[in-house]
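Participant: Right, I'll just put the structure down here and ask away after.
As structure tokens, this is what we get:
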């Protein structure tokens, strides 16, 4: 699944969605817009016409977000969408135990082999010992944050080509929501 903001440097989310949906290898991967950017209802309709599966406005409660994402995966199970490749070795890096357990459970339900750690130091050791196919990491963590973990991986010959996804709930307080848009 690809979860994208709209306003980003270099390439905006609309262009990213167009390119993914136009690529034979990527077109069936569920695409979700998740943004705090001010949008009109027409923007939501536009993203769905581009091929996005969902349009989610921030802020959103984590349980509601999980239900929306599960709905997308349910569409895959019911044959409305093609399944995402199963059987990948995924390293999940998340210091919040509840978030980590939820993500691990969801990924395992789709046939992935998942290893989980609570910080960047553990994750780097794990990745070097058993390189995963993909790393999904929180940003703010003790010992080593996600940014430093990503830098360490990209500078390591053995790990540099492993895709790295940031998965975070960094801005969860009301006063922080203004930072997103």
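Residue numbers (UniProt numbering): 1 to 181. Idealized CB from N, CA, C, for every residue including glycine. Since we're looking at a predicted model, the values are computed, not measured.
1) Using the DSSP secondary-structure output, state which residues sit across from residue 116 in a beta bridge.
2) Look at the alpha carbon of residue 112 and the alpha carbon of residue 46, and state the distance between them as a whole number of angstroms.
3) In the DSSP assignment, find the unbroken beta strand (DSSP E) run with residue 54 in it and report its ends.
4) In whole angstroms, what separates the C-alpha of residue 6 from that of residue 129?
5) Can you tell me whether DSSP reads residue 136 as helix, strand or coil?
6) According to the neighbour-count rule (16 or more other Cβ atoms, all chains shown, within 10 Å of its Cβ), is residue 103 buried or exposed?
7) Which residue comes first and which comes last in the beta strand (DSSP E) that contains residue 34?
8) Tell me whether residue 121 sits in a helix, a strand or coil according to DSSP, three-state version.
9) Which of the three DSSP states is assigned to residue 10 in this structure?
10) Between which residues of its own chain and residue 114 is the CB-CB distance below 7 Å, once the five residues before and five after are set aside?
11) Determine the extent of the beta strand (DSSP E) in which residue 162 is found, giving its start and end residues.
12) Going by DSSP, what residue range makes up the alpha helix (DSSP H) through residue 145?
13) If you compare alpha carbons, which of 4, 121, 131 is closest to residue 183?
14) Name the DSSP beta bridge partners of residue 104, please?
15) Cutting at 6 Å between CB atoms, please list the residues of its own chain near residue 152, excluding the five before and the five after it.
16) Roughly how many whole angstroms lie between the Cα atoms of residue 167 and residue 139?
Facilitator: The answer reads as follows:
1) Walking along the chain shown from the start, residue 116 turns up at place 116. Secondary-structure assignment with DSSP links residue 116 through a beta bridge to 92.
2) Position 112 of the chain shown, counted from the start, is the residue given in the question as residue 112. Position 46 of the chain shown, counted from the start, is the residue given in the question as residue 46. For residue 112 and residue 46, the gap between their C-alpha atoms comes out near 33 Å.
3) Here residue 54 refers to the residue found at position 54 when the chain shown is read from its first residue. Where residue 54 is concerned, the enclosing beta strand (DSSP E) stretches over 54 to 57.
4) Within the chain shown, the letter at position 6 stands for residue 6. Within the chain shown, the letter at position 129 stands for residue 129. Roughly 36 Å between the two C-alpha positions.
5) Here residue 136 corresponds to residue number 136 of the chain shown, with the count starting at 1. The three-state secondary structure of residue 136, taken from DSSP, is strand.
6) Along the chain shown, read from residue 1 onward, the residue named residue 103 stands at position 103. Classified as buried, residue 103 has 16 or more neighbouring CB atoms from the shown chains inside 10 Å of its CB.
7) To locate residue 34, count along the chain shown from 1; it is residue 34. Run containing residue 34: 31 to 35, per the beta strand (DSSP E) assignment.
8) Position 121 of the chain shown, counting from 1, holds the residue named residue 121. DSSP, read as helix, strand or coil, puts residue 121 in helix.
9) Translated into the one-based positions of the chain shown, residue 10 becomes position 10. Coil.
10) The residue labelled residue 114 in the question sits at position 114 within the chain shown. Within its own chain, the residues whose Cβ lies closer than 7 Å to the Cβ of residue 114, once the five positions on either side in sequence are excluded, are 90, 92, 104, 107, 108, listed in chain order.
11) The sequence position of residue 162 within the chain shown is 162, counting from 1. It is not in any beta strand (DSSP E) - residue 162 carries neither H nor E in the DSSP assignment.
12) What you label residue 145 is simply residue 145 of the chain shown in a count that begins at 1. Counting along the chain, residue 145 falls outside any alpha helix (DSSP H), and DSSP gives it neither H nor E.
13) The question about residue 183 has no answer here: the residues shown for the chain are numbered 1 through 181.
14) Working through the chain shown from its first residue, we reach residue 104 at position 104. Answer is none; residue 104 lacks a bridge partner.
15) Residue mapping note: residue 152 aligns to position 152 of the chain shown, counting from 1. Cβ-Cβ distances below 6 Å link residue 152 to 124 in the same chain, with the five nearest sequence neighbours on each side left out; the list follows chain order.
16) Here residue 167 corresponds to residue number 167 of the chain shown, with the count starting at 1. Here residue 139 corresponds to residue number 139 of the chain shown, with the count starting at 1. Separation of residue 167 and residue 139 (C-alpha to C-alpha, rounded to the nearest whole angstrom) is 7 Å.
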